[in-house]
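Q: Residue numbers (our numbering): 622 to 798.
All residues carry an ideal CB built from backbone N, CA and C; glycine is no exception.
1) By the DSSP assignment, the alpha helix (DSSP H) with residue 758 in it spans what residues?
2) Please classify residue 575 as buried or exposed, where buried requires at least 16 neighbouring CB atoms within 10 angstroms.
3) If you reduce the DSSP assignment to three classes, tell me which class residue 700 lands in.
4) Label residue 758 either buried or exposed according to how many other C-beta atoms from any shown protein chain fall within 10 Å of its C-beta, with 16 as the threshold for buried.
5) Would you kindly report the start and end of the unbroken alpha helix (DSSP H) that includes residue 672?
6) On the DSSP bridge assignment, give the partners of residue 649 in chain order.
7) Do the CB positions of residue 730 and residue 715 come within less than 9 Å of each other?
8) Would DSSP call residue 741 helix, strand or coil?
9) First and last residue of the alpha helix (DSSP H) that includes residue 659?
Structure representation (structure tokens):
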């Protein structure tokens, strides 16, 4: 239990640092600004209580908002992601359901399952974030294009991160592990 807590804390600090120090300063043509900090939320254990999931979404979003001066946009989008997560997990659950200790990583669940899971939640997060950022529907098409592009780039970086930094075996865990 304490090992999982420490791993999640390290994962949180690492992803927030990458987001704040590196990724928040990357903007290609004003359209691409990947958000990989949501990987922390995506990798939370299935058995995490729903109330705690929402609180962790809020805290994670507020930390990113503090460093990015985005006035609660990340907090709102992250809470929404965590609100939608249990429903998405039920929707794409394996036939036998989830084991209590299952790790939601592609190495364990399979790449197709992980792409579906992370893709839907990343898209929902980005959809709310970018429409709250614009806060008008006059730019619906351009905003939707930003949502799609950023979701794809973020998902690509998230999947790459899981393969680079997370191992499925207990004996060879890496930093996000």
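A: So, to answer that:
1) Stepping through the chain shown from its first residue, residue 758 is reached at position 137. No alpha helix (DSSP H) contains residue 758, which DSSP labels as neither H nor E.
2) Any property of residue 575 remains undetermined from this structure, which presents the chain solely from 622 to 798.
3) One-based indexing of the chain shown puts residue 700 at position 79. Three-state DSSP puts residue 700 in a helix.
4) Within the chain shown, numbered from 1, the residue matching residue 758 stands at position 137. Looking at its Cβ environment, which holds fewer than 16 other Cβ atoms inside 10 Å, residue 758 is exposed.
5) The sequence position of residue 672 within the chain shown is 51, counting from 1. Segment 671-689, the alpha helix (DSSP H) holding residue 672.
6) Start at 1 with the first residue of the chain shown, and residue 649 comes out as number 28. Bridge partners of residue 649: 653.
7) Indexing the chain shown from 1 puts residue 730 at position 109. Indexing the chain shown from 1 puts residue 715 at position 94. Contact flag set, yes.
8) The sequence position of residue 741 within the chain shown is 120, counting from 1. Correct three-state label for residue 741: helix.
9) Taking the chain shown and counting its residues from 1, one reaches residue 659 at position 38. Per DSSP, residue 659 belongs to the alpha helix (DSSP H) from 659-663.
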